[in-house]
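See below for the structure under consideration.
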Amino acid sequence: MSMPIEEYVLIGDMQTAALVRRDGTVDWLCLPRFDSAAVFTALLGTEEHGYWSISLAHAPGSSPRPAERRRYRSNSLVLESEWDTPHGTVRVIDFMPPRDGAPQVIRIVEGISGRVPMRSQLRMRFAYGKVVPWVHSVDGRTVAVAGPDSVWLDTPASATARHGTVVSEFAVSQGERIAFTISWQPSHHQPPAVPDPEGALEATEEFWREWVEQCTYHGPYRDAVERSLITLKALTYAPTGGIVAAPTTSLPECIGGIRNWDYRFTWLRDAAITLSSLLRTGYREEARAWREWLLRAVAGDPENLQIMYGIAGERELGENELNWLPGYENSRPVRVGNGAAGQLQLDVYGEVTEALHVASASGLAPDDHAVSLQLKLIAWVEKHWDEPDEGIWEVRGPRRHFVHSKVMTWVAVDRTVKLIESGDVDGPLERWKDLRETIHRDVCEKGYDKERNTFTQSYGSQELDASLLLIPQMGFLPPDDKRVIGTIEAIQRELGTEDGFVLRYPTAGQGELGVDGLEGEEGAFLACSFWLADDLAMIGRVDEARQLFERLLSLRNDLGLLAEEWDPKAKRQVGNFPQAFSHIGLIEAALRISADGAHVFDAGMRCRDVASWREGG
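Take the sequence shown: its position 564, counting from 1, is numbered 591 in the working numbering, and each next residue is one higher.
Below, the structure is given as structure tokens:
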């Protein structure tokens, strides 16, 4: 049922999202939230698990035909797809209006020329395709009900239920528009209001137009940056400000493999870089909301800090397998929930502290709770920084002393030292300055391979890790340090693909377990590849950085979207889609390269000269 990942396009209402295929089929949609059970789950299964197709009328049993053209209307999430036929040309407009009541998916079929026969096929299956609903009519509206859920279909076209599928066969003439709307509602509530598709379209376009106008970035690659910002906004859960890593679960990192995870949650490590991207492009309100989500989720409890939370700050994210689903291209298991939420990952203490530092240094209003939380975090780090952990990549193998984790504990202490030195808060300045130096010395002695002139993945290991690219970006060492340059070049040699992209770390072959405790391989991690472009610009190799960045841009699908990874062998996108981390990396690298390497990175202050950099430790 599914197509290559890059054939999909995102629409959403900033509380949930749908994926639309090039042939006019919606085969992924969770209602009413990103992390709710899917109503259309064909992406991870078959037609029997739910989908909604609006396409040219075709013979029963045959597949819908891909559209000749598709685009987003200007800078929005309103999708247009067009088909040319011997009978004429037809357009389908797909969107989800920013929510004011029931969540809706609206699809407007517009005749461009001639008279074109069309068909809508709507198969709703609740609980990730497992539950067949009761489909019936109420006051001329079609409704599907199962347990707590109901989905209502409104359309002027004739609709008939056939074997659990609601079918409408119709034709559209030049200048004619026929709308289809589905609305979700708790089944025990009154029916949702009858929709106004045309009014909703106008309001949705106006919303996105006004939002994009706030963007203050006008440098190179503006179109790519704007599309990435729109994608981040679409992945934001508006009621709380939390941003999901992706709107999907279990899209595989290796086709046919087991590296299939649920990304419909909010990771703390995304916090600092997301805040940076939003603040540097003019989106202060989104940055403020993101900081507020962070403070509520952590809730001043460093002893029980999690690496990820639910979109409203939920802590229980228990992992389960849906054994009735065959998975995307037979990639099993399909997982919901994420067991990594219970891991110890020391880097998140640095990520949270860095996010609070970025917010303060960028002029967001001070927050007493944020200051109190930061001091509690450092008190915890002081006691636990020298413990092994599972690391940034959530390995399911033994704990190790990961270099990136240690670097980020240094970041946590460094930013807090700066906070005390600013005079805004009292604290044991000299003790924490000594701690900062202790961690720095420990990393440089135990995590650095002098013979190869590179930092390593963990203390005593020979492996490399792309997270080491963050060492200069976090200010741990200046970009002109020979150890930084050596690490960048080692990662290019040992983790680089033929196209110059970057793997996260070495993975095992089939039948073997790697450092992450899993079998099999994965693709080039796109965020890490953007980090490499960022680093190359930092060390003055701006032309090389720009060339890599533009190769990465060429991996986007036709509407500018990126998944988590790129399979260099199959030449296709893999992993959950679209991936916030990939688009954040794109924004940050574009901002760096647009400065032509004239500035170096410092989270919070954003740019300092190299000499003053050294003064920070």
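Even for Gly, the Cβ is constructed at its ideal location relative to N, Cα and C. The structure displayed is predicted, hence computed values, not measured ones.
Reference I614, options S80, E253, D508 and T465, closest by Cα
Comparing Cα-Cα distances from I614 to each of S80, E253, D508 and T465, the minimum goes to E253.
Identity of the residue in G527, V398 and I270 nearest P595 by Cα
Its Cα nearest to that of P595, the residue G527 stands out among G527, V398 and I270.
At 3 residues or longer, what runs of the beta strand (DSSP E) sit wholly inside the stretch 521 to 609?
Along the length of the stretch 521 to 609, whole beta strand (DSSP E) runs at least 3 residues long occupy 592 to 594 and 599 to 601, reported in chain order.
So what does L46 bridge to, in DSSP terms?
L37 and W55, per the DSSP bridge assignment.
Return the chain-ordered ranges of every beta strand (DSSP E) run that is complete within the stretch 157 to 224 and spans a minimum of 3 residues.
The stretch 157 to 224 contains these whole beta strand (DSSP E) runs: 161 to 165, 168 to 173, 176 to 181, 187 to 189, 192 to 200 and 204 to 213.
Can the beta-carbon of W211 be found closer than 7 Å to that of A129?
It is a contact, given that the beta carbons lie within the stated cut-off.
So, is W459 buried or exposed, given that buried needs 16 or more other C-beta atoms within 10 angstroms?
Buried is the label assigned to W459, since at least 16 other Cβ atoms lie within 10 Å of its Cβ.
Across the stretch 281 to 289 and the stretch 319 to 332, are there enough close Cβ pairs to call them in contact, namely three or more that are closer than 8 Å?
They do not touch, by the three-pair rule.
Do you know whose CA, among D166, I566 and W437, lies nearest V470's CA?
In terms of Cα proximity to V470, the closest of D166, I566 and W437 is W437.
So, for I139: in the same chain, excluding its five sequence neighbours on each side, which residues have a beta-carbon less than 8 Å away from its beta-carbon?
Taking C-beta separations shorter than 8 Å and ignoring five residues to either side along the sequence, the partners of I139 in its chain run E109, G115, T116, V117, R118 and Q201, following chain order.
Cα-Cα separation between V398 and V452, rounded to whole angstroms
V398 and V452: Cα-Cα distance of roughly 8 Å.
Alpha-carbon to alpha-carbon, A493 and I518:
If I take the Cα positions, the gap works out to 7 Å.
Looking at the structure shown, is T10 part of a helix, part of a strand, or coil, going by DSSP?
Given that the chain is displayed from residue 28 to residue 644, the structure contains no residue 10 and the question cannot be resolved.
Measuring alpha carbon to alpha carbon, tell me which residue in G474, M335 and L278 is nearest W420.
Shortest Cα-Cα distance from W420 to any of G474, M335 and L278 involves M335.
Decide if the stretch 362 to 377 is in contact with the stretch 335 to 344; the criterion is three or more beta carbon pairs, one per stretch, under 8 Å apart.
Pairwise C-beta distances place the stretch 362 to 377 in contact with the stretch 335 to 344, as three or more of them are shorter than 8 Å.
Keeping to the same chain, check which residues put their C-beta closer than 6 Å to that of F19; ignore five residues upstream and five downstream.
The requested residue 19 is not part of the displayed model; the chain covers only 28 to 644.
For E490, which residues of its own chain have a beta-carbon under 8 Å away from its beta-carbon, when the five flanking residues on both sides are left out?
Answer for E490: T483, Q484, Y532, P533 and V542, listed in chain order.
Provide the residue span of the alpha helix (DSSP H) that contains S432, from first to last.
From DSSP, the alpha helix (DSSP H) with S432 extends over V430 to E448.
Should K260 go down as buried or exposed, given a rule of 16 or more other Cβ atoms within 10 Å for buried?
Classification for K260: buried.
For the stretch 232 to 244 and the stretch 96 to 108, state whether three or more C-beta atom pairs, one from each stretch, are separated by less than 8 Å.
Taking a cut-off of 8 Å on C-beta distances, the stretch 232 to 244 touches the stretch 96 to 108, as three or more cross pairs fall below it.
Under 7 Å, do S89 and S147 count as touching if we go by C-beta distance?
No. Outside cutoff.
Would A206 and P224 qualify as a contact pair, given that the criterion is a beta-carbon distance under 7 Å?
A206 is a Cβ neighbour of P224, given a cutoff of 7 Å.
So for Q333, helix, strand or coil by DSSP?
Q333 carries a coil assignment under DSSP once its states are collapsed to helix, strand and coil.
What span of residues does the alpha helix (DSSP H) with W459 cover, start to end?
Note, W459: alpha helix (DSSP H), L456 to K473.
Which word fits S581, buried or exposed, when buried means at least 16 other C-beta atoms lie within 10 angstroms of its C-beta?
Exposed.
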